[in-house]
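Undergrad: Here it is, the structure, as structure tokens.
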Amino acid sequence: DAGITQSPRHKVTETGTPVTLRCHQTENHRYMYWYRQDPGHGLRLIHYSYGVKDTDKGEVSDGYSVSRSKTEDFLLTLESATSSQTSVYFCAIRTGYDGANVLTFGAGSRLTVL
Amino acid sequence: KQEVTQIPAALSVPEGENLVLNCSFTDSAIYNLQWFRQDPGKGLTSLLLIQSSQREQTSGRLNASLDKSSGRSTLYIAASQPGDSATYLCAEGGSYIPTFGRGTSLIVHP
Numbered sequence: 007d008a009g010i011t012q013s014p015r016h017k018v019t020e021t022g023t024p025v026t027l028r029c030h031q032t033e034n035h036r037y038m039y040w041y042r043q044d045p046g047h048g049l050r051l052i053h054y055s056y057g058v059k060d061t062d063k064g065e066v067s068d069g070y071s072v073s074r075s076k077t078e079d080f081l082l083t084l085e086s087a088t089s090s091q092t093s094v095y096f097c098a099i100r101t102g103y104d105g106a107n108v109l110t111f112g113a114g115s116r117l118t119v120l
Numbered sequence: 160k161q162e163v164t165q166i167p168a169a170l171s172v173p174e175g176e177n178l179v180l181n182c183s184f185t186d187s188a189i190y191n192l193q194w195f196r197q198d199p200g201k202g203l204t205s206l207l208l209i210q211s212s213q214r215e216q217t218s219g220r221l222n223a224s225l226d227k228s229s230g231r232s233t234l235y236i237a238a239s240q241p242g243d244s245a246t247y248l249c250a251e252g253g254s255y256i257p258t259f260g261r262g263t264s265l266i267v268h269p
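Those protein sequences? They're chains A and B, same order as listed. Using this note's numbering, the first residue of the first sequence is number 7, and each one after it goes up by one. Using this note's numbering, the first residue of the second sequence is number 160, and each one after it goes up by one.
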């Protein structure tokens with residue numbers, strides 16, 4: 007099984023502070039994704055990466071930035087957290103061979119912005 | 160743009176029933192269709208993946224089918240149990256960006 011870990015798992019912070027969430031994979035999968043999940047909205051893509059230093063925006067990227075300096079790590083940064091960014095954040099990786107797009111998710115990071 | 164819809168949003172059934180969860184997609188040119196389970200407060204666990212060239216996949220009491228011509232996938236759960244209570248999501252794989260449905264929340268009561 008693809009190993010994927012997220013940290014921190016829980017964080018409470020104040021409005022205006024910067025926050026960084028980390029997604030780590032133990033293999034060398036090319037595609038990594040950050041989603042947020044909110045009641046009534048389902049899963050929404052924030053950013054994704056298709057290689058080291060190769061990233062692109064998803065549908066809800068405003069207020070978020072990402073970095074991928076190593077294959078195994080994909081960081082999500084909230085430069086100045088707002089209450090609307092209170093959510094559960096999931097990282098996912100694409101595993102499997104070409105022709106299949108098998109998604110494997112991390113356990114999630116619950117962020118509360120006060 | 161691919162759109163994925165899951166109806167109903169919520170379902171409550173008595174234990175032992177066989178049930179079908181639905182997933183509809185608008186673009187039949189899919190890569191694959193993946194079903195997930197999500198327990199409250201937890202992450203998404205992959206249940207079944209159907210490749211575009213396949214018609215169905217089975218795992219234990221679960222069977223997922225794919226009909227591209229009608230834009231539909233179904234997840235069949237046989238002899239449902241209270242432990243099957245969870246939210247079930249489907250996702251169309253896309254070339255590199257998946258599209259998710261909003262899920263069906265299932266409650267199986269004893």
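Note that CB positions come from ideal geometry on N, CA and C, so glycine has one too.
Taking Cβ-Cβ distances shorter than 8 Å, what residues in chain A pair up with residue 259(B)?
TA: Result: 48, 49.
Undergrad: Show which residues of chain B have a CB atom less than 7 Å away from the CB atom of residue 54(A).
TA: The answer, in chain order, is 256.
Undergrad: Report all residues from its chain with a CB closer than 8 Å to the CB of residue 10(A); omit the five preceding and five following residues, and keep chain order.
TA: Closer than 8 Å at Cβ, skipping near neighbours: 29, 30, 31, 32, 97, 98, 99, 110, 111, 112.
Undergrad: Using a Cβ-Cβ distance cut-off of 7 Å, determine whether residue 265(B) contacts chain A.
TA: So no, residue 265(B) is outside the interface.
Undergrad: Can you give me the C-alpha to C-alpha distance between residue 203(B) and residue 261(B), rounded to a whole angstrom?
TA: Answer to the nearest angstrom: the Cα atoms are 13 Å apart.
Undergrad: Note down, in chain order, every chain B residue with its Cβ under 7 Å from the Cβ of residue 95(A).
TA: Under the 7 Å cutoff, chain B gives no residues; its nearest Cβ is about 11 Å from residue 95(A).
Undergrad: Which same chain residues, not among the five before or five after residue 16(A), have their C-beta less than 6 Å away from its C-beta?
TA: Hits under 6 Å: 116.
Undergrad: Just how far apart, CA to CA, sit residue 75(A) and residue 26(A)?
TA: Rounded to whole angstroms, residue 75(A) to residue 26(A) spans 14 Å at the Cα level.
Undergrad: Out of 222(B), 244(B), 160(B), 216(B), point me to the one whose CA is closest to residue 187(B)'s CA.
TA: The residue with the shortest Cα to Cα distance from residue 187(B) is 160(B).
Undergrad: Between the Cα of residue 253(B) and the Cα atoms of 224(B), 201(B), 209(B), which residue gives the shortest distance?
TA: Of 224(B), 201(B), 209(B), the residue nearest in Cα terms is 209(B).
Undergrad: Between residue 268(B) and residue 257(B), what straight-line distance do the alpha-carbon atoms span, to the nearest angstrom?
TA: So the two alpha carbons sit approximately 32 Å from each other.
Undergrad: Could you give the distance in angstroms between the alpha-carbon of residue 215(B) and the alpha-carbon of residue 224(B)?
TA: Near 4 Å, if we compare the C-alpha coordinates of residue 224(B) and residue 215(B).
Undergrad: Relative to the C-alpha of residue 175(B), which candidate in 259(B), 218(B), 242(B) has its C-alpha closest?
TA: Looking at the Cα atoms, 242(B) is the closest of the given residues.
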